[in-house]
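With positions in the sequence shown counted from 1, the corresponding number in the numbering used here is that position plus 1.
For glycine and all other residues, C-beta sits at the position ideal for the given N, C-alpha and C.
Because the structure is a prediction, the values reported are computed rather than measured.
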Amino acid sequence: MAVNDLLKAKVKVYRTASASNGLPAGSFYVSGGKDVLTKVASDYGVYPEPVASMPKDAKEIKPSRIALYDYYGGSMPSGWVRWMLEQFHFDYSLVFPKEINEGNLSEKYDVILFIGPGIPGPTQARAGRGLPKPEEIDAKYHHMLGYFTKNESVPQLKKFLEQGGQVLTVGSATDLAYHLGLPVNDALVEQTDKGASKALSGEKYYIPGSVLEMYVDNKVPINYGMDEKAYIMFNRSPVFMLSPNAANLGVKPIAWFGEEEPLRSGWAWGQSYLKNGVTAFEAKIGKGKFYAFGPEITFRAQSHGTFKMLFNGLYR
């Protein structure tokens, strides 16, 4: 909130890429704007520390042009993130399938957020149920109509990424990784007698809304401010395996489970299937970045411990 208020007041804000002046990588350096800084410190209870000079590796940040995906009828997880962005003073626009399918996304946006439902499953061609006809609804809702499809929407997002855009997905929206052809697989499957993969049955694995603990690579910018471990809200969330050649293709894990059982609160059946599973990864696609977070890092605007993983991706 403090940083966003400073940026809106045209105060220059920088971010460090390494530890400096006793503060960790990812710290914000503010140049000038003393009156605004004093006000936000008082309003929000943050405590700026004076330093002798600007850290050498500090880079100026600016607000991204943020698009938050939604669809006709409304997505509850997207709605919660809309509320979060407003509470933390991020400006954003809503984007619907029709606008995605029309393309030219990089002319309007720097980052697009996909939270929860609305992306077709790995074997599906389109997402969503039947839509009303335009003449059946008020004209002010017409821009919400349209389907997110594998053949129309995914190529436009791939072009957006290749041109330097950023896409951040959470929960079931991470299925977008499969449509983009990234070298990742579902970790929660087993092999059939015929060598095919199928989802684990409920008798073998089932974890509804529970709190688990994962390891975090807090050296990557998207995870700045996180500890080496984090509690996460996990609700039948996706878990990944990276292909052996993933690193060579620009894909790397940024959060994962270890060898130990990760349950910290709630209940979990079949925790052994989570061992060493990847919970989040980043991928380079052209000039852009794609992020996938399996856990519910924005769960109903309640999981404050993982909000940073979203907010860090909202500056350029």
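- V47 is classed as exposed because its beta carbon has fewer than 16 other beta carbons within 10 Å across all chains shown.
- Residue pairing for F308: DSSP places it in no beta bridge.
- Taking 3 residues as the minimum length, the beta strand (DSSP E) runs contained wholly in the stretch 22-52 are 29-32, in order along the chain.
- Of the other Cβ atoms in all chains shown, fewer than 16 fall within 10 Å of the Cβ of D139; this residue is therefore exposed.
- Taking all protein chains shown into account, N152 has fewer than 16 neighbouring C-beta atoms within 10 Å of its C-beta and is therefore exposed.
- With fewer than 16 other Cβ atoms from the protein chains shown falling within 10 Å of its own Cβ, S266 counts as exposed.
- At least 8 Å separates the beta-carbon of F291 from that of A281.
- Membership of E163 in the alpha helix (DSSP H) is indicated by the continuous run 154-163.
- Contact check between the stretch 217-227 and the stretch 199-208: fewer than three CB pairs, one atom from each, fall below 8 Å, which does not count as touching.
- Three or more beta-carbon pairs drawn from the stretch 96-114 and the stretch 167-179 are found closer than 8 Å, and the two stretches are therefore classed as touching.
- Secondary structure at T17: coil, using DSSP grouped into helix, strand and coil.
- The alpha-carbon separation between A26 and E260 amounts to approximately 28 Å.
- Beyond the five residues adjoining it in sequence on each side, Y45 comes within less than 8 Å, by CB distance, of M2, A3 in the same chain, given in chain order.
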